[in-house]
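K.L.:
Numbering (our numbering), first residue to last: 1352 to 1837.
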RNA sequence: GGCGCCGUAGCCAAGUGGUAAGGCAGAGGACUGCAAAUCCUUUACGCGGCGGUUCGAAUCCGCCCGGCGCCUCCA
């Protein structure tokens, strides 16, 4: 078995993933704040986490995987300096999309459900636990109290703050260590005179006007953004976790603050390995609603893209590099997926014994994943394996069994498969101009038999104009909805 | 100001010291009434530029040019 190595933000090097317990990975990945639909950039991060889980499982490891949902409306300026600004969920509630919801709780529930649905559609492993911030309020309050008792936190008229000077290691993850860079990083603009140090960050905000508020030893209010992850990671995975992941923007302040809180609470290392996923760009530009290049998973699916094609497209560039997501790349992925589906059709029901060649291809695929999740190479190996089965006109029973084996492997390791919706549910037969497409196809076959090719081509053109593609096979003519943009 | 990343064929993108993976597009071919789908073959004498180290560099070092990210709600 190859050694599983990942880039570690803390040590700035590619290191083996070391588990405290042999072959048992304790893994935490920071989830989204659910104030709107998650976009494909969000999912690049969660997909990378999914690939960590699948790679570990492919090595025979057990994985305890926690990925949270932040359903508390944290503030638009809830940074290390102070929790100021607007509440993200309150703002969402006031927006046009927010009109559909009675209150922030409904809004959070709706987007959390949508998030989990998209997660499933992208064929991502369900986490062992998916804790929610609002369901761990007592634990968060307890942690804040502990930090006050141990001298790491203090109360002010506006809330409870973590004292950055009480923790030596503050800045070790992000490199924001010296006072000068730290001061710049925390933007002294939003200083609070009640704080002992400008970089001190909120653990609890006092606010009895907030739409989401809880009662605490410091009165009504809500928790700071960073404390939830510290608390939930500890509760479900223990004092020290093996690997912690998130988007690159979370390095500072979020993960830096998590480390400070957790290590101050336990006196132990919070995480032994840190993984950060680089941001996704679209057509070479930063994704932004204002640029019109902002995509959600459901949007792309609605446009006719297969969720697995989206998944495959997102694997085109390894997580450690910024990725340029393009519509062309998405269409390309759809083409690869079609070939996987073709092998799925030809494969046996039961996996057979892999031959040395296909075994070699899979070993290289897994080896690439173990080397810092090199998805570019892994996908190339997957295609190599898929092609080896398409090369033959017909597969022998042994080859069909090998094909099944390989498909099972790529499902386990890459989360890719060729099972189509039509294979499990009877497809709805569409009508064209009030006539079933199957009738049009029969008419065309009739014309072909009569050698009336002009009429046959005319029928095909009509069907294509309606957005369907025909494919003549030895078993007869099949139809398929045309992929968008092709 | 701090931290970090990237520049490889028309496009996307691996490769991090031993002589350029893979995908898309393009070209040719098989199959087809013609297509579609699928398969086969083919496409970079060169890896932003200039120096240096080395028997040997896309890969290491230096400088330069160009692009980008985070540090601000953000995955």
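Note that the Cβ used here is the ideal one computed from N, Cα and C, for glycine as well. The structure displayed is predicted, hence computed values, not measured ones.
Quick check on residue 1755: buried or exposed, where buried means 16 or more other Cβ atoms within 10 Å of its Cβ?
P.N.:
The residue given as residue 1755 occupies position 404 in the first chain. When all chains shown are included, residue 1755 counts as buried.
K.L.:
If I'm right that residue 1455 touches residue 1563 with Cβ under 8 Å, what's the distance once you round it to whole angstroms?
P.N.:
Position 104 of the first chain, counting from 1, holds the residue named residue 1455. Position 212 of the first chain, counting from 1, holds the residue named residue 1563. Residue 1455 to residue 1563, Cβ: 6 Å. Contact.
K.L.:
If we count the other Cβ atoms within 10 Å of its Cβ and call it buried at 16 or more, is residue 1560 buried or exposed?
P.N.:
The residue given as residue 1560 occupies position 209 in the first chain. So residue 1560 ends up on the exposed side.
K.L.:
Looking at the structure shown, is residue 1500 part of a helix, part of a strand, or coil, going by DSSP?
P.N.:
Taking the first residue of the first chain as 1, we reach residue 1500 at position 149. Three-state result, residue 1500: helix.
K.L.:
Return the residue from the list 1715, 1663, 1795 and 1720 that minimises the CA-CA distance to residue 1769.
P.N.:
Numbered from its first residue, the first chain carries residue 1769 at position 418. For the residues 1715, 1663, 1795 and 1720, the minimum Cα distance to residue 1769 belongs to 1663.
K.L.:
In whole angstroms, what separates the C-alpha of residue 1638 from that of residue 1672?
P.N.:
Translated into positions along the first chain, residue 1638 becomes position 287. Translated into positions along the first chain, residue 1672 becomes position 321. Between residue 1638 and residue 1672, the C-alpha separation is close to 16 Å.
K.L.:
Is the beta carbon of residue 1737 closer than 7 Å to that of residue 1691?
P.N.:
As a first step, residue 1691 is located in the first chain; it is residue number 340 there, counting from the start. As a first step, residue 1737 is located in the first chain; it is residue number 386 there, counting from the start. Yes; because the gap between Cβ atoms is below 7 Å, this pair is in contact.
K.L.:
Can you tell me whether residue 1502 is buried or exposed? The criterion is at least 16 other CB atoms within 10 Å of its CB, across all chains shown.
P.N.:
Here residue 1502 refers to the residue found at position 151 when the first chain is read from its first residue. Flag for residue 1502 reads exposed.
K.L.:
Using 10 angstroms around the beta-carbon of residue 1375, count the other beta-carbons present and answer buried if the total reaches 16, otherwise exposed.
P.N.:
In the first chain, counting from the first residue as 1, residue 1375 sits at position 24. Counting Cβ neighbours within 10 Å, residue 1375 comes out exposed, since fewer than 16 surround it.
K.L.:
Report the three-state DSSP secondary structure of residue 1608 (helix, strand or coil).
P.N.:
As a first step, residue 1608 must be located in the first chain, where it is residue number 257. Three-state result, residue 1608: helix.
K.L.:
Please list, in chain order, all residues of the same chain as residue 1798 whose beta carbon is under 8 Å from its beta carbon, the five residues on each side excluded.
P.N.:
As a first step, residue 1798 must be located in the first chain, where it is residue number 447. For residue 1798, where only same-chain residues beyond five positions count, the Cβ hits under 8 Å are 1804, 1806, 1807 and 1810.
K.L.:
Mapping DSSP to helix, strand and coil, what is residue 1692?
P.N.:
For this step, residue 1692 is matched to residue 341 along the first chain. Helix at residue 1692.
K.L.:
Round the Cβ separation of residue 1646 and residue 1420 to the nearest angstrom and send it over; I've been treating them as touching at under 8 Å.
P.N.:
As a first step, residue 1646 is located in the first chain; it is residue number 295 there, counting from the start. As a first step, residue 1420 is located in the first chain; it is residue number 69 there, counting from the start. 21 Å between Cβ atoms; not a contact.
K.L.:
For residue 1608, which residues in the same chain have their Cβ closer than 6 Å to its Cβ, ignoring the five residues on either side in sequence?
P.N.:
The residue given as residue 1608 occupies position 257 in the first chain. Only 1552 and 1577 meet the Cβ criterion.
K.L.:
List the DSSP bridge partners of residue 1823.
P.N.:
Within the first chain, numbered from 1, the residue matching residue 1823 stands at position 472. Residue 1823 pairs with 1828.
K.L.:
In three-state DSSP terms, what is residue 1632?
P.N.:
Position 281 of the first chain, counting from 1, holds the residue named residue 1632. Correct three-state label for residue 1632: strand.
K.L.:
Suppose you measure from the CA of residue 1612 to the CA of residue 1574; what does that come to, to the nearest Å?
P.N.:
Indexing the first chain from 1 puts residue 1612 at position 261. Indexing the first chain from 1 puts residue 1574 at position 223. Spanning the two alpha carbons is a distance of roughly 13 Å.
K.L.:
Would you identify the three-state DSSP class for residue 1438, choosing helix, strand or coil?
P.N.:
Residue numbering aside, residue 1438 sits at position 87 when the first chain is read from its first letter. Note: residue 1438 maps to strand in three-state DSSP.
K.L.:
Mark residue 1446 as exposed unless 16 or more other C-beta atoms lie within 10 angstroms of its C-beta, in which case mark it buried.
P.N.:
Taking the first chain and counting its residues from 1, the one referred to as residue 1446 is at position 95. Classification for residue 1446: exposed.
K.L.:
Going residue by residue through the segment 1637-1677, where are the continuous alpha helix (DSSP H) segments of at least 4 residues, counting only ones entirely within it?
P.N.:
Taking only runs of at least 4 residues, the alpha helix (DSSP H) segments lying wholly in the segment 1637-1677 are 1648-1653 and 1658-1665.
K.L.:
Do residue 1382 and residue 1418 count as a contact pair if the criterion is CB distance below 7 Å?
P.N.:
Residue numbering aside, residue 1418 sits at position 67 when the first chain is read from its first letter. Residue numbering aside, residue 1382 sits at position 31 when the first chain is read from its first letter. The answer is yes: Cβ separation under 7 Å.
K.L.:
Mind checking whether residue 1396 and residue 1628 have CB atoms under 7 Å apart?
P.N.:
Indexing the first chain from 1 puts residue 1396 at position 45. Indexing the first chain from 1 puts residue 1628 at position 277. Cβ distance < 7 Å, so residue 1396 and residue 1628 count as in contact.
K.L.:
With a cut-off of 8 Å, do at least 3 Cβ pairs link the segment 1740-1758 to the segment 1700-1715?
P.N.:
Flag = yes, the segment 1740-1758 and the segment 1700-1715 touch.
K.L.:
Please confirm whether residue 1572 and residue 1556 have their CB atoms less than 7 Å apart.
P.N.:
Along the first chain, read from residue 1 onward, the residue named residue 1572 stands at position 221. Along the first chain, read from residue 1 onward, the residue named residue 1556 stands at position 205. Their beta carbons are under 7 Å apart, which means residue 1572 touches residue 1556 by this criterion.
K.L.:
Residue 1390 by DSSP, collapsed to three states: which one?
P.N.:
Here residue 1390 corresponds to residue number 39 of the first chain, with the count starting at 1. The answer is strand: DSSP assigns residue 1390 an E or B state.
K.L.:
Within 10 Å of its beta-carbon, does residue 1766 have 16 or more other beta-carbons around it, so buried, or fewer, so exposed?
P.N.:
The sequence position of residue 1766 within the first chain is 415, counting from 1. Buried.
K.L.:
Check residue 1557 in the structure and name its three-state DSSP category.
P.N.:
Here residue 1557 corresponds to residue number 206 of the first chain, with the count starting at 1. DSSP places residue 1557 in strand when its eight states are reduced to three.
K.L.:
Using the DSSP secondary-structure output, state which residues sit across from residue 1782 in a beta bridge.
P.N.:
The sequence position of residue 1782 within the first chain is 431, counting from 1. Bridge partners of residue 1782: 1787.
K.L.:
Apply the 10 Å Cβ neighbour rule to residue 1774 and answer buried if 16 or more other Cβ atoms are within range, or exposed otherwise.
P.N.:
Translated into the one-based positions of the first chain, residue 1774 becomes position 423. A caution first: residue 1774 carries a pLDDT of 44, below 50, which makes its placement in the model too unreliable to give a value.
K.L.:
In whole angstroms, what is the alpha-carbon distance linking residue 1369 and residue 1591?
P.N.:
Position 18 of the first chain holds residue 1369. Position 240 of the first chain holds residue 1591. Distance between the alpha carbons of residue 1369 and residue 1591: 12 Å.
K.L.:
From what residue to what residue does the beta strand (DSSP E) around residue 1385 run?
P.N.:
Taking the first chain and counting its residues from 1, one reaches residue 1385 at position 34. Unbroken run through residue 1385: none, as it is neither H nor E.
K.L.:
Taking the DSSP output, what are the residues bridged to residue 1620?
P.N.:
As a first step, residue 1620 is located in the first chain; it is residue number 269 there, counting from the start. Looking at the DSSP assignment, residue 1620 forms no beta bridge with any residue, so it has no partner.
K.L.:
Should residue 1776 be labelled buried (16 or more other beta-carbon atoms within 10 Å of its own) or exposed?
P.N.:
Sequence index remark: in the first chain, residue 1776 carries index 425 (1-based). Caution applies to residue 1776, whose pLDDT of 45 falls short of 50 and renders its modelled position unreliable; the value that the coordinates give is listed next. It counts as exposed.
K.L.:
Nearest by alpha-carbon distance to residue 1724: which of 1407, 1816, 1813 and 1619 is it?
P.N.:
Translated into the one-based positions of the first chain, residue 1724 becomes position 373. For residue 1724, the nearest C-alpha among the options comes from 1407.
K.L.:
Grouping DSSP H, G and I as helix and E and B as strand, with all else coil, what is residue 1480?
P.N.:
Working through the first chain from its first residue, we reach residue 1480 at position 129. Note: residue 1480 maps to strand in three-state DSSP.
K.L.:
Give the straight-line distance between the Cα atoms of residue 1792 and residue 1828, rounded to the nearest whole angstrom.
P.N.:
Start at 1 with the first residue of the first chain, and residue 1792 comes out as number 441. Start at 1 with the first residue of the first chain, and residue 1828 comes out as number 477. Looking at the two C-alpha atoms, the distance is approximately 7 Å.
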